Amino acid sequence: MLKKILITLSTAGALVVSAAGLTYKVSLLDDSTIGGKQFKAGDYKVELKDNDTALVTKGKKSVEVAVKTETAPSKFSTTEIEYVNDHQVQEIRIGGTTTRLVFSGANTASNGME
């Protein structure tokens with residue numbers, strides 16, 4: 001009986017870990033553009049939907065943006081955001097992982113979370 005409970009808990013734990021690997025918390029310190037969409041400064045959840053789409057969420061509002069996921073040769077010690085031009089997010093390096101999220105999009109505002 002105890003063995004069956006441990007196997008069930010291990011399986012459930014593995015599912016939680018794999019799901020958690022696809023969602024990241026990111027803090028934008030300034031108003032920023034991600035994938036051509038405007039975002040106010042604040043804390044966001046970035047959920048990878050597939051290899052070319054991310055869902056950026058704050059509260060009940062969500063916006064889909066184009067993203068390319070890359071794997072770095074070593075883990076990033078902290079989460080880092082690389083900007084280009086005027087507060088346009090080019091990539092996010094997720095701390096504690098080898099995951100790099102690379103964004104593309106015009107440097108224009110469009111129906112983001114303004």
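The sequence shown lines up with residues 1 to 114 when you count with the working numbering. Glycine included, C-beta positions come from ideal geometry on N, C-alpha and C. The model shown is predicted, which means the values in this text are computed figures rather than measured ones.
* Asked: Expressed to the nearest angstrom, what Euclidean distance is found between the alpha-carbon atoms of L48 and T71?
  -> C-alpha of L48 to C-alpha of T71: approximately 14 Å in a straight line.
* Asked: Taking just the CA atoms, how far does V46 sit from T97?
  -> T97 and V46 have their alpha carbons spaced roughly 14 Å apart.
* Are the Cβ atoms of L101 and K68 separated by less than 9 Å? -> Contact flag set, yes.
* Quick one: what's got a C-beta closer than 6 Å to Q90's C-beta in the same chain, skipping five residues either side? -> Closer than 6 Å at Cβ, skipping near neighbours: E82, V84.
* To do: Check the DSSP bridge columns for T53 and list the partner residues they point to.
  => DSSP, once it has assigned bridges, lists D50, A66 as partnering T53.
* How would you call G21, buried or exposed, if buried means at least 16 neighbouring beta carbons within 10 angstroms? -> Note that G21 has pLDDT 42, beneath the 50 cutoff, so the model's placement of it is unreliable and the number below is only indicative. Looking at its Cβ environment, which holds fewer than 16 other Cβ atoms inside 10 Å, G21 is exposed.
* Since I believe I92 is in contact with T78 (beta carbons under 8 Å), could you give me their beta-carbon distance rounded to a whole number of angstroms? => No, T78 and I92 are not in contact; Cβ-Cβ is about 11 Å, not under 8 Å.
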